[in-house]
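Position 45, counted from 1, in the sequence shown is what our numbering calls 359; the numbers after and before it change by one each time, with no gaps. Here a beta-carbon is modelled for each residue, glycine too, at the ideal position from N, C-alpha and C.
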Amino acid sequence: MIIKKIELSYGIGKKYLYINDDNLAGFLKPIIPAKTYKPSEAFEFALDNPINGQRLEDLSKNKRVCVTIEDYTRSEPHREIVLSLSKRLTKADFVQYIIVTGTHNPRDERNLRIKSLIQNIAKDIGLKFDVAINDSRADDEFEYVGTTKSGTKVLANKKALDTELFVTASDMKPHYFAGYSAANKHFLPGMCAFETTRVNHCGLIKNEKSNYGRHPWHYDKERQENPLSADMIEAMNLIAKDRPIFTLALISDGDVLWSQSGPIEDVTKNGIKHADEVFSFRVKPVRYLIVSPGGSSEDSYLYSGQRALELTSEAVDQDGEVLWLSECSLGIHTGKDQQEIDDFYNAMMKNLDALTDELDQPDVKFHTYKAYRFKRLLKKIRVYGYSKLDDLVMKNIGIEPISDPQKVIETWLSSDPFAKILVVDKANKLAIYKSN
315 MIIKKIELSY GIGKKYLYIN DDNLAGFLKP IIPAKTYKPS EAFEFALDNP INGQRLEDLS
375 KNKRVCVTIE DYTRSEPHRE IVLSLSKRLT KADFVQYIIV TGTHNPRDER NLRIKSLIQN
435 IAKDIGLKFD VAINDSRADD EFEYVGTTKS GTKVLANKKA LDTELFVTAS DMKPHYFAGY
495 SAANKHFLPG MCAFETTRVN HCGLIKNEKS NYGRHPWHYD KERQENPLSA DMIEAMNLIA
555 KDRPIFTLAL ISDGDVLWSQ SGPIEDVTKN GIKHADEVFS FRVKPVRYLI VSPGGSSEDS
615 YLYSGQRALE LTSEAVDQDG EVLWLSECSL GIHTGKDQQE IDDFYNAMMK NLDALTDELD
675 QPDVKFHTYK AYRFKRLLKK IRVYGYSKLD DLVMKNIGIE PISDPQKVIE TWLSSDPFAK
735 ILVVDKANKL AIYKSN
């Protein structure tokens with residue numbers, strides 16, 4: 315009998331589990347190509363060779379430019395991204411940087427560090443610039459730009475609107491309801507008011523096609539329908555109007571696996587194809603699944619760590635069981651205040667019927683959408699959680715706390731010695747589909 319030692323990401327470290335080789339259905343993690351690149355090398359090549367030949371330094375000459383940078387929740391090479399873009403903007407009249415937090419906490423110290431990083435780089439290069447962090451609840455910082463067909467009233471950050479060229483930098487991967495984390499999300503939710511994001515997320519989350527692997531710019535026509543993401547793109551167009559959006563996209567896992575620059579739609583289409591090659595798998599569903607979001611910062615909060623369960627849901631049979639290893643060292647939510655944290659927790663404690671009814675109300679609370687998706691998932695699977703979260707917190711939201719992951723495996727195999735167990739690491743970046 316061969317015993318496999320399985321290494322899983324957990325916080326800033328690793329957890330090790332042991333499974334008989336005969337019981338291991340597979341071990342999934344991103345497919346890393348043979349050739350990878352250091353960030354600065356990848357970005358310089360991408361920016362030197364944009365899709366349509368129009369280089370950023372030429373597009374930005376004598377222009378007011380808005381550069382959108384992702385916040386601390388994205389584990390990407392922020393320094394190299396900011397430096398590579400900023401070096402190309404020396405002939406711009408003015409550069410407005412915006413850290414596109416969406417509804418995340420703008421005052422988190424990690425966002426403040428990104429702001430300081432941008433300030434230091436822009437100052438060293440000699441740019442005329444300003445750096446803002448999107449604060450979705452600061453109502454006076456937003457301006458109405460129009461309403462989408464779905465009824466989303468788009469309130470955009472005023473500092474983003476006084477521009478002639480948008481520049482976005484997006485680390486691409488699957489997203490459990492927007493289809494993919496892509497540059498269009500820099501607009502909605504990235505630079506929008508809280509109310510705009512609430513209506514978009516809560517109004518369209520119940521549609522089964524608002525799901526991972528689906529996007530209006532997908533290369534496969536069968537996967538282009540995603541009402542929630544389509545609403546985001548319509549909001550983006552209301553914000554940008556006829557102003558160009560230049561995108562630097564990347565796929566990373568430590569090193570950069572792929573990068574490209576050019577017009578946002580063209581680059582995103584290519585990025586989706588590459589993301590599918592790196593992050594997508596088709597599997598035969600199993601009764602038992604072990605999943606890790608991918609360590610810090612993917613598992614720092616329940617809010618982010620639960621994505622791993624969504625993105626792997628097709629890999630589990632109905633009434634299957636999942637062992638979820640997510641440290642959650644910083645708690646349940648990265649809220650800007652205790653009220654937001656409490657709102658998220660209270661939503662997560664509600665049952666599916668209540669959440670379904672609330673989503674139909676015009677004044678539905680924001681976190682209802684995320685709780686709804688999670689409780690819908692719990693109708694299918696049972697989740698055992700290995701985490702630093704308080705046991706009572708996990709029980710209250712429907713996760714069974716455990717102190718020894720290895721014992722869960724032993725229990726599974728004692729009831730069914732021939733059971734197959736699928737293991738997934740870095741699941742927050744993956745998209746697992748049921749094989750035909």
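- prompt: Thinking C-alpha only, which one of 711, 472, 704 is nearest residue 684?
  reply: When only C-alpha atoms are compared, the closest one is 711.
- request: Could you check the C-alpha separation between residue 729 and residue 740 for me, to the nearest Å?
  value: Here the alpha carbon of residue 729 sits roughly 28 angstroms from the alpha carbon of residue 740.
query: Within this structure, are the beta carbons of residue 474 and residue 412 separated by less than 9 angstroms?
result: In this structure, residue 412 lies closer than 9 angstroms to residue 474 by Cβ.
field: residue 443 versus residue 410: straight-line alpha-carbon distance, rounded
entry: Going by the C-alpha atoms only, they are around 6 angstroms apart.
message: Taking only three categories from DSSP, how would you classify residue 635?
response: In the displayed model, residue 635 falls within a strand according to three-state DSSP.
- prompt: If you pair each beta-carbon of the segment 655 to 675 with each one of the segment 479 to 498, do three or more pairs fall below 8 angstroms?
  reply: No contact exists between the segment 655 to 675 and the segment 479 to 498.
message: Taking the straight line between their C-alpha atoms, what separation do you get for residue 516 and residue 463?
response: So the alpha carbons of these two residues sit roughly 15 angstroms apart.
message: Within the continuous beta strand (DSSP E) that includes residue 342, where are the two ends?
response: Segment 338 to 342, the beta strand (DSSP E) holding residue 342.
- prompt: Bridge partners of residue 380, per DSSP?
  reply: 410, 480.
DSSP three-state assignment for residue 529, whether helix, strand or coil: Coil, per DSSP.
field: The beta strand (DSSP E) enclosing residue 567, as first and last residue numbers
entry: Start and end: 559 to 567.
message: Using a Cβ-Cβ cutoff of less than 6 angstroms, which residues in the same chain neighbour residue 748 once the five nearest sequence positions on both sides are dropped?
response: Sequence-distant partners of residue 748 (beyond 5 residues in either direction) whose C-beta falls short of 6 angstroms from its own C-beta, in its chain, are 599, 628.
- prompt: By Cβ distance below 7 angstroms, which residues in the same chain neighbour residue 733 in space, the five residues on each side in sequence not counted?
  reply: Only residues of its own chain outside the window of five on either side were considered, and among them 337, 601, 602, 726, 727 have a CB closer than 7 angstroms to the CB of residue 733, listed in chain order.
- request: Jot down the residue ranges of each uninterrupted alpha helix (DSSP H) in the segment 635 to 694, minimum 4 residues, whole runs only, in chain order.
  value: Segments of the alpha helix (DSSP H) lying fully in the segment 635 to 694: 652 to 662, 666 to 673, 682 to 692.
query: Counting Cβ pairs closer than 8 angstroms, one from the segment 541 to 556 and one from the segment 497 to 508, do we hit at least three?
result: Result yes; three or more Cβ-Cβ pairs closer than 8 angstroms.
Residue nearest to residue 704 in terms of C-alpha spacing, selected from 349, 642, 731, 722: For residue 704, the nearest C-alpha among the options comes from 642.
- request: Assuming residue 755 contacts residue 639 (C-beta within less than 8 angstroms), just tell me the rounded distance between them.
  value: Residue 755 cannot be examined here, being either before or after the span of the chain that is shown, 315 to 750.
task: Quick one: residues in its chain with C-beta nearer than 7 angstroms to the C-beta of residue 418, no 5 flanking neighbours on either side, listed in chain order?
output: Around residue 418: 385, 387, 648.
message: Is there a C-beta anywhere in chain B that falls below 9 angstroms from the one on residue 321?
response: Going by chain labels, chain B is absent from the structure shown, which holds only one protein chain.
- prompt: Can you tell me the Cα-Cα spacing of residue 700 and residue 637, whole angstroms?
  reply: Approximately 8 angstroms between the Cα atoms of the pair.
- prompt: If you run the structure through DSSP and keep just helix, strand and coil, what is residue 488?
  reply: Three-state result, residue 488: strand.
task: Specify the secondary structure class of residue 593 as computed by DSSP and reduced to three states.
output: It is helical.
query: Which residue from 664, 667, 596, 551 puts its Cα closest to that of residue 459?
result: Ranking the options by Cα distance to residue 459, first place goes to 551.
message: Could you pull the DSSP bridge partners for residue 605 from this structure?
response: According to DSSP, which records beta bridges pairwise, residue 605 is partnered with 638, 738.
query: Closest by CA to residue 680, which one among 324, 358, 441, 519?
result: The candidate whose alpha carbon is nearest that of residue 680 is 519.
message: With three or more beta-carbon pairs closer than 8 angstroms as the criterion, would you say the segment 577 to 586 touches the segment 560 to 567?
response: Judged by Cβ distances under 8 angstroms, the segment 577 to 586 makes contact with the segment 560 to 567, as three or more pairs qualify.
field: Beta-carbon proximity check, residue 383 vs residue 317, cutoff 9 angstroms
entry: Not closer than 9 angstroms, so no.
message: Looking only at its chain, what residues have a beta carbon closer than 6 angstroms to the beta carbon of residue 461, apart from the 5 residues adjacent to it on each side?
response: Around residue 461: 467.
task: Leaving aside the five residues before and after residue 538 along the sequence, list all residues of the same chain whose C-beta is less than 6 angstroms from its C-beta, in chain order.
output: The answer, listed in chain order, is 530, 532.
- prompt: Thinking C-alpha only, which one of 392, 407, 456 is nearest residue 416?
  reply: The option with the nearest alpha carbon to residue 416 is 456.
- request: Have a look at residue 593 and residue 608 and give me their C-alpha separation to the nearest angstrom.
  value: About 13 angstroms.
message: Using a 10 Å radius around the Cβ and a threshold of 16 neighbouring Cβ atoms, would you call residue 706 buried or exposed?
response: An exposed status is given to residue 706, since fewer than 16 other beta-carbon atoms sit within 10 Å of its beta-carbon.
message: Given a cut-off of 9 angstroms on the beta-carbon distance, is the pair residue 350 and residue 569 in contact?
response: For residue 350 and residue 569, yes; Cβs fall inside 9 angstroms.
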